[in-house]
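Worksheet: one structure, shown below.
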Amino acid sequence: MTTSCLQMPMQYSLDIALPKFATFETFIDTSDSQLLSVLKQLAQESLSEPRQYFLWGSVGTGKTHLLQAICNQLVSTEQNVIYLPMKELVNQQATILNDMQQLDVLCIDDIDAVLGDKEWDRQLFLLINELRTNNKSTVMTAAHNPHEAMVSFPDLASRLVWGPVYKLDLLEDDEKSCAIQEHAKVRGLEVSDEVCSFLLKRFPRDLSKLIGLLDKLDEASLIQQKKVTVPFVKSVLNIN
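Per our numbering, residue 1 is the first one in the sequence shown, and the count goes up by one each step.
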């Protein structure tokens, strides 16, 4: 299920949605950094000064989840925020960034999908500057360290690291089980350790894909009025 990720007083909208279950409560934080607390603060308070954060790490580390959690929180308080999944927008014109300096918070996911393109680099440079001038905030993610970003617009490189940079690491299997169970809980499902172990053994360990399986199990559980057991999972997901 999804909610709107767009809360903007603009003349256009982007056809993008985000899952309502992407919240801070369903994020499993195993780091010693202050990342989760600073992002919660960003999403909960009216800040008097601009904030910028850059999150990087491989697929499945929770970067997208955190950006969507920020947006869900801000939309609920009627703040102007937008979530931009750049892998999906890479074929769009960079001019879609026009007028976004009006936002309270801009969340750019997978920014490295467009870095190196001259027009995107230029538009991003201008927008980051404008948001900072307007005391607005930006959160960006990428697969690689922004200090090593390949850009065609040199001044953009320094703008990417204006604020704190955080590296996210992959969860261990037991931590992934906890994440699966937290996501199941908010859906009203009870998923045992046995079911979690089965999912981790039979499917790729990409947490986002594992969480995606819960939607299928949730729907089937409601229709069939059955508990989520290993035999039930095998039946729903067509596993011999």
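By construction, the Cβ of each residue, glycine as well, lies at the ideal position given by its N, Cα and C atoms.
For clarity, every value in this text was computed on a predicted model and none was experimentally measured.
Discussion item. Going by DSSP in three states, glutamine 73 sits in which element: helix, strand or coil?
Written reply: In this structure, glutamine 73 counts as helix in the three-state DSSP scheme.
Can you look up lysine 216 in the DSSP assignment and give me helix, strand or coil? When secondary structure is reduced to three states using DSSP, lysine 216 falls in the helix class.
> Going by beta carbon distance, what residues of the same chain come within less than 7 Å of proline 85, once the five residues before and after it are set aside?
Replying inline: Result list for proline 85: Ile16, Asp109 and Asp110, in chain order.
Beta-bridge partners of alanine 22, as assigned by DSSP
Bridge partners of alanine 22: none, in fact.
Q. Can we say the region 21–29 touches the region 175–188, given the rule of at least three CB pairs closer than 8 Å?
A. Contact between the region 21–29 and the region 175–188 is present, with at least three C-beta pairs closer than 8 Å.
Assuming contact is defined by CB atoms lying nearer than 7 Å, are leucine 106 and threonine 138 in contact in what I supplied?
Yes, these two residues count as a Cβ contact at 7 Å.
Q | Distance between glutamine 68 and leucine 131 (C-alpha atoms, nearest Å) | A | Whole-angstrom Cα-Cα distance: 20 Å.
* Compute the beta-carbon to beta-carbon distance between proline 242 and asparagine 135, rounded to the nearest angstrom, for a pair I have assumed lies under 8 Å. => The chain is shown from 1 up to 240; residue 242 falls before or after that span and cannot be answered.
Q: Could you round the C-beta distance between glutamate 81 and leucine 97 to whole angstroms and report it? I think they count as a contact, below 8 Å.
A: First, the residue type needs correcting, since residue 81 is valine and not glutamate in the sequence shown. The beta-carbon distance between valine 81 and leucine 97, rounded to whole angstroms, is 15 Å. This is too long to meet the 8 Å contact definition.
query = Can you tell me whether valine 191 is buried or exposed, with buried defined as 16 or more other CB within 10 angstroms of its CB?
reply = Burial check for valine 191: the Cβ neighbour count within 10 Å reaches 16 or more, so the residue is buried.
Starting from the Cα of aspartate 155, find the closest Cα among Gln41, Leu200 and Lys118 and give me that residue.
Cα-wise, what sits closest to aspartate 155 is Lys118.
Length-filtered (4 minimum) alpha helix (DSSP H) runs lying within the region 139–169: Entirely contained in the region 139–169, the alpha helix (DSSP H) runs reaching 4 residues are, in chain order, 154–160.
Practice task
Please report how far the alpha carbon of glycine 60 lies from the alpha carbon of leucine 207, in whole angstroms.
Solution key: Those two C-alpha atoms are separated by around 5 Å.
Exercise. Cα-Cα, which of Leu39, Leu36, Gln79 and Arg202 is closest to lysine 234?
Worked result: For the residues Leu39, Leu36, Gln79 and Arg202, the minimum Cα distance to lysine 234 belongs to Arg202.
According to DSSP, tryptophan 120 sits in a beta bridge with which residue or residues?
As DSSP reads the structure, tryptophan 120 sits in no beta bridge.
Inset, instruction - Could you have a look at leucine 200 and say whether DSSP puts it in helix, strand or coil? - result: Helix, per DSSP.
query: What does DSSP give as the partner residues of aspartate 54 in its beta bridges?
result: Here residue 54 is phenylalanine; the residue named in the question, aspartate, does not match the sequence. As a beta-bridge residue in DSSP terms, phenylalanine 54 pairs with Met140 and Val165.
Is the beta carbon of valine 230 less than 7 Å from the beta carbon of serine 221? No, the pair does not count as a contact, with Cβ atoms beyond the cut-off.
**Q.** Same chain only: Cβ atoms within 8 Å of serine 177, ignoring 5 sequence neighbours per side
**A.** So the list reads Asp193, Cys196, Ser197 and Leu200, once near-sequence residues are dropped.
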